[in-house]
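Asker: Structure in structure tokens, see below.
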Ligand code: PLP
Ligand code: COI
């Protein structure tokens, strides 16, 4: 497939960040972005790369009133060979289409998805950071853009991709974060939109995140929305516990986002010889393990968060230290293996790496 993408180059290129240690996450954007529109008659049309800038939007646009929006998150890395690569971008394309189905938004053909990403990232390749640990964060998103206030599946959609040279998602970097188990608010319920990557899930999470931050916690660990008994996931990552030598991660029950890092880590851990179990795991089981010392390690997995150790966990006013509060052995090994594949230190025997240029 060769897409007809109209390219309008910027006449005012921005200065690229000199000090990559100060990039932060999602604060700086590249010179260009991708846009296209969809309606029933024309399908996807008006494919264009334009200078990065504001989007004109009708005040009655569906997204502004009813939050009809889905997105993805992936990264482009500059590997040790100097190539620009992405990690399993086809998986993000599949998840984007699953999210689209849930929100009645149009899907994107897999070849089209790859060609759009390749074209934009290649054009912006000079923006991919050089220092290991920093990368070009890729944020595709799609939103309902009907210009009326009716509540119904949308007829007009806009899809965009923006790029942001970024460092670590958490200010802590690879150092352990503090997580608070949330007992009041819930993020998602089965039958809802938990498994979809839609903006509304994040909107619903903000109050608990704000309260947790006020108490010194980096993120919230969600419990299931019905019984408030089973562990689901953290705001921007899936979770894994090492209890008595076994690695346990919550099963994908419909209210948890099926993380691509999660899926990759399960495979890597099993290759390393660990027993990994996907099942319901109750908060009581985790707290009991934390109390009796069998909760050996606890970490999160995600594109932005990579593999992130959790050092402290709070629940109902008590704080528990995981291990000795430092990164655990398996967490470190998993981080090194995953980032080793992404940065090209470790051979990609699984065909997870997609070379852009
Ligand atoms: N869970 C939530 C709520 C997320 O936002 C993310 C980030 O994308 C993840 C899990 C991890 O998913 P992935 O590994 O595909 O980035
Ligand atoms: C990601 O890891 O890509 C995410 O989307 C997490 C978050 C920034 C919402």
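In the numbering used here, the protein residues as written are 651 to 1007. Even glycine gets a Cβ: it sits at the ideal position worked out from N, Cα and C.
#1: Is the separation between the beta-carbon of residue 775 and that of residue 953 shorter than 8 Å?
#2: Quick check on residue 917: does DSSP put it in helix, strand or coil?
#3: Can you find at least 3 beta carbon pairs, one from the region 812 to 828 and one from the region 956 to 966, that sit closer than 8 Å?
#4: With H, G and I counted as helix, E and B as strand and the rest as coil, what does DSSP make of residue 776?
#5: Using CA coordinates, which residue listed in 718, 653, 674 is at the minimum distance from residue 695?
#6: Does DSSP put residue 671 in a helix, a strand or coil?
#7: Whole angstroms is fine: what's the gap from residue 839's alpha carbon to residue 906's?
#8: Looking at the unbroken alpha helix (DSSP H) that takes in residue 992, where does it start and where does it end?
#9: Excluding the 5 residues flanking residue 1013 on each side, which residues of the same chain have their C-beta closer than 7 Å to its C-beta?
#10: Hey, quick one: how far does the beta strand (DSSP E) through residue 871 stretch, first residue to last?
#11: Could you check whether the region 794 to 807 touches the region 710 to 724, counting it as contact only if at least three pairs of C-beta atoms, one from each stretch, sit closer than 8 Å?
#12: Using the DSSP secondary-structure output, state which residues sit across from residue 947 in a beta bridge.
#13: Spell out the partners DSSP gives residue 848 in its beta bridges.
#14: When you compare the CB positions of residue 881 and residue 926, do they come within less than 8 Å of one another, or not?
#15: How about residue 918: is its Cβ closer than 7 Å to a heavy atom in ligand 1?
#16: When burial is assigned at 16 or more other CB atoms within 10 Å of the CB, is residue 892 buried or exposed?
#17: Just tell me which of 767, 692, 799, 884 has its CA closest to the CA of residue 756.
Answerer: In short:
#1: no
#2: helix
#3: yes
#4: helix
#5: 653
#6: helix
#7: 9 Å
#8: 979 to 993
#9: For the chain, the structure presents residues 651 to 1007; residue 1013 sits outside this window and is missing.
#10: 869 to 873
#11: yes
#12: 892
#13: 720
#14: no
#15: no
#16: buried
#17: 692
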